[in-house]
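Asker: Note that the protein sequences, when read in sequence, are chains X and D.
Just so you know, we're using this note's numbering here: the first sequence kicks off at 1 and counts up by one.
Just so you know, we're using this note's numbering here: the second sequence kicks off at 1 and counts up by one.
Beta carbons: idealized from backbone N, C-alpha and C, even for Gly.
Just passing along the structure, written as structure tokens.
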Amino acid sequence: MVEGRVAQFVVLVVLCIAVIYFVERARRGKVPKIRKLPGLDAIDEAVGRATEMGRPVIASHGIAGFEDMFAVQTAAGMSVLGYVARLCAKYDTELLVPCRYSILVPVAQEIVQQAYIAEGKPEAYKPDNIMFLSDEQFAYSIGYMGLMTRQKAAANIMIGAYWAESLQLAETGFMAGAIQVSGTANTAQIPFFVVCTDYCLIGEEIFAAGAYLSKDPVLTGSLVGQDVGRIIAEILIVLGTILTTAGVKWLTEILSK
Amino acid sequence: MAWYKRREGPLIVTLIVALFLIFEWYFGEGALIPEATKASGQIQLFVAFILAFVIGVGALNVLRIHWHRIQRRKPGDYSWLYSSWIFILIILYVITGIFLGAYSGLRTEEPSYIWMYDYVLSALDGTMYSILAFFIASGAYRAFRARTAEAALLLIAGTLVMLGNAPVGGVIWTGFLDINSWIQRIPMMAGIRGILIGAGLGAIAMGIRILTGRERGYLGGGE
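Structure below.
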């Protein structure tokens with residue numbers, strides 16, 4: 001095994017076992033209760049408001065692609081997009097999806113189209129509403145801002161990986177009068193979203209979105225598996241602090257293997 | 001073919017590629033199977049090829065959407081002019097990049113291509129980035145209205161950090177520098193690390209759900 005990755009691998013295996021165990025446990029009927037996530041509950045409210053106002057909903061999945069470490073945030077954004085698309089299809093509300101990378105356009109089109117089919121309204125699906133703006137960060141940002149302003153979006157849902165454009169988008173959404181639900185795991189952008197949007201999902205909450213919105217008990221079980229990882233992390237932090245303060249280094253040596 | 005059956009293909013591809021890359025990360029680099037590293041490099045090369053190919057898909061998507069907007073223009077709505085402008089720019093940039101570059105043999109070193117990038121795109125990019133300062137000011141105005149105890153705490157912490165970062169803060173009282181440093185190193189770092197650990201665990205759990213085919217939201221269709 002590659003040096004320096006042994007402890008990492010052990011933690012990964014333990015997490016995998018924990019997640020699979022709790023998924024199977026949920027499948028057998030022991031469904032855990034998870035806390036409410038107001039940000040995700042607010043999506044229904046946001047789409048409902050847009051429907052009442054007769055104005056469009058904008059849903060974006062961040063500006064990361066599918067090929068790097070931020071891909072999992074994009075996947076989380078796509079899961080939320082599927083849910084938003086179903087709500088929009090159900091209430092006949094226009095949905096606009098700006099994409100930064102062209103590779104995500106067919107993915108987003110597929111998700112939205114399937115949502116419209118699932119709601120029994122395939123004819124209402126408009127492929128032109130899923131648009132590639134630009135793979136240049138700020139060209140994408142200005143395109144998105146223009147879209148919100150021109151279309152007078154009533155709801156703006158941004159879940160995924162965002163960088164410097166997060167504040168521009170959130171502020172423009174606020175000025176456009178849109179109800180905004182945001183979420184990212186990029187720590188530097190979380191304060192901007194917290195300040196400028198109505199509801200904000202912080203860090204790991206975006207990864208729980210797919211499981212939470214689907215209300216699938218088996219998926220909900222997997223969220224409990226994460227808590228095992230959290231308990232391990234907390235034990236290691238406390239133990240590591242005590243041992244390092246006492247000058248004992250065996251734990252840090254094991255973890256660095 | 002039913003839509004739920006069509007999702008099996010992408011799921012299998014995702015599983016095979018992801019397991020291979022995970023295996024290479026832990027057992028590659030000459031540790032167990034050196035060939036794994038080579039094969040992993042090849043897979044990542046495929047990704048680069050696919051990404052290059054889909055640039056064309058993106059350009060076609062843009063052209064199609066804006067062509068429809070030009071076709072469906074309504075009296076009094078001049079937004080179709082922007083669509084026409086996009087058309088003109090895409091065609092101009094393609095001509096400059098591909099045809100002039102090929103004709104001169106300079107490819108992407110062609111001067112007019114570089115000029116357009118440096119003096120149009122980069123300038124616009126820089127302008128967009130710089131207007132963040134104004135957005136920060138308007139965002140800070142809303143954030144710093146002390147309506148609740150949390151907002152008041154944010155106001156106090158924000159003011160202290162600003163005074164610690166601005167040159168005038170150190171002139172007024174050198175203690176602002178220490179307070180700023182303490183806020184950023186201790187409470188802020190604790191918060192960031194907490195979020196990072198949580199996000200890391202969440203990402204791993206979601207990765208497991210994707211690999212085992214439980215999380216299918218990103219493929220469309222919901223449950």
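Please report how far the alpha carbon of R216/D lies from the alpha carbon of F23/D, in whole angstroms.
Answerer: If you number the second sequence from 1, residue 216/D lands on position 216. If you number the second sequence from 1, residue 23/D lands on position 23. Their backbone Cα atoms lie some 23 Å apart in a straight line.
Asker: Should N61/D be flagged as near chain X, meaning a C-beta pair shorter than 8 Å?
Answerer: Stepping through the second sequence from its first residue, residue 61/D is reached at position 61. Judged by the 8 Å Cβ criterion, N61/D is in contact with chain X.
Asker: Which chain X residues are close to V47/D, counting only those with a beta carbon under 7 Å from its beta carbon?
Answerer: Here residue 47/D corresponds to residue number 47 of the second sequence, with the count starting at 1. The answer, in chain order, is E67.
Asker: Taking beta-carbon pairs under 7 Å, can you tell me which members of the stretch 77–106 of chain D lie near chain X?
Answerer: S79
Asker: Hey, would you say A178/X sits closer than 8 Å to V80/X, going by beta carbons?
Answerer: Taking the first sequence and counting its residues from 1, the one referred to as residue 178/X is at position 178. Taking the first sequence and counting its residues from 1, the one referred to as residue 80/X is at position 80. No, these two residues do not count as a Cβ contact at 8 Å.
Asker: Which one or two residues does DSSP pair with Y199/X in a beta bridge?
Answerer: If you number the first sequence from 1, residue 199/X lands on position 199. DSSP lists V181/X as partners of Y199/X.
Asker: Mind checking whether N156/X and M148/X have CB atoms under 8 Å apart?
Answerer: Taking the first sequence and counting its residues from 1, one reaches residue 156/X at position 156. Taking the first sequence and counting its residues from 1, one reaches residue 148/X at position 148. Result yes, Cβ atoms of N156/X and M148/X sit closer than 8 Å.
Asker: Can you look up L89/D in the DSSP assignment and give me helix, strand or coil?
Answerer: Taking the second sequence and counting its residues from 1, one reaches residue 89/D at position 89. In this structure, L89/D counts as helix in the three-state DSSP scheme.
Asker: If we ignore side chains and look at the alpha-carbon of each, how far apart do P38/X and C99/X end up?
Answerer: Position 38 of the first sequence, counted from the first residue, corresponds to residue 38/X. Position 99 of the first sequence, counted from the first residue, corresponds to residue 99/X. Each residue's alpha carbon lies about 26 Å from the other.
Asker: Using 10 angstroms around the beta-carbon of R150/X, count the other beta-carbons present and answer buried if the total reaches 16, otherwise exposed.
Answerer: In the first sequence, counting from the first residue as 1, residue 150/X sits at position 150. Exposed, since its Cβ has fewer than 16 Cβ neighbours within 10 Å.
Asker: In terms of residues, what are the limits of the alpha helix (DSSP H) holding A102/D?
Answerer: Stepping through the second sequence from its first residue, residue 102/D is reached at position 102. Per DSSP, A102/D belongs to the alpha helix (DSSP H) from G101 to S104.
Asker: Closest to A203/D by C-alpha separation, out of I34/X, T74/X and D41/X, would be which residue?
Answerer: Translated into the one-based positions of the second sequence, residue 203/D becomes position 203. Measuring from the Cα of A203/D, the nearest candidate turns out to be T74/X.
Asker: So with CB distances below 7 Å, who are the chain D contacts of Q259/X?
Answerer: Nothing about residue 259/X can be reported from this structure: the residues present for chain X run from 1 to 257 only.
Asker: Going along the chain, which residues of its own chain have a beta-carbon closer than 7 Å to the beta-carbon of P187/D, five neighbours each way excluded?
Answerer: Within the second sequence, numbered from 1, the residue matching residue 187/D stands at position 187. None.
Asker: Is the beta carbon of T96/D less than 8 Å from the beta carbon of S112/D?
Answerer: What you label residue 96/D is simply residue 96 of the second sequence in a count that begins at 1. What you label residue 112/D is simply residue 112 of the second sequence in a count that begins at 1. The answer is yes: Cβ separation under 8 Å.
Asker: Leaving aside the five residues before and after I179/D along the sequence, list all residues of the same chain whose C-beta is less than 7 Å from its C-beta, in chain order.
Answerer: By one-based count along the second sequence, residue 179/D stands at place 179. The answer, listed in chain order, is L160 and G164.
Asker: Could you list which residues in chain D have their beta carbon closer than 8 Å to that of F207/X, in chain order?
Answerer: Along the first sequence, one-based indexing puts residue 207/X at 207. Correct list: A199, G202, A203, A205 and M206.
Asker: Applying the 10 Å Cβ sphere with the 16-neighbour rule, what's the burial state of Y125/X?
Answerer: Locating residue 125/X in the first sequence gives position 125, counting from the first residue. Classification for Y125/X: buried.
Asker: At a cut of 8 Å, does the stretch 12–22 of chain X reach the stretch 219–236 of chain X through at least three beta carbon pairs?
Answerer: yes
Asker: Assign R209/D to buried or exposed, taking buried as 16 or more other Cβ atoms, counted over all protein chains shown, within 10 Å of its Cβ.
Answerer: Translated into positions along the second sequence, residue 209/D becomes position 209. That one is buried.
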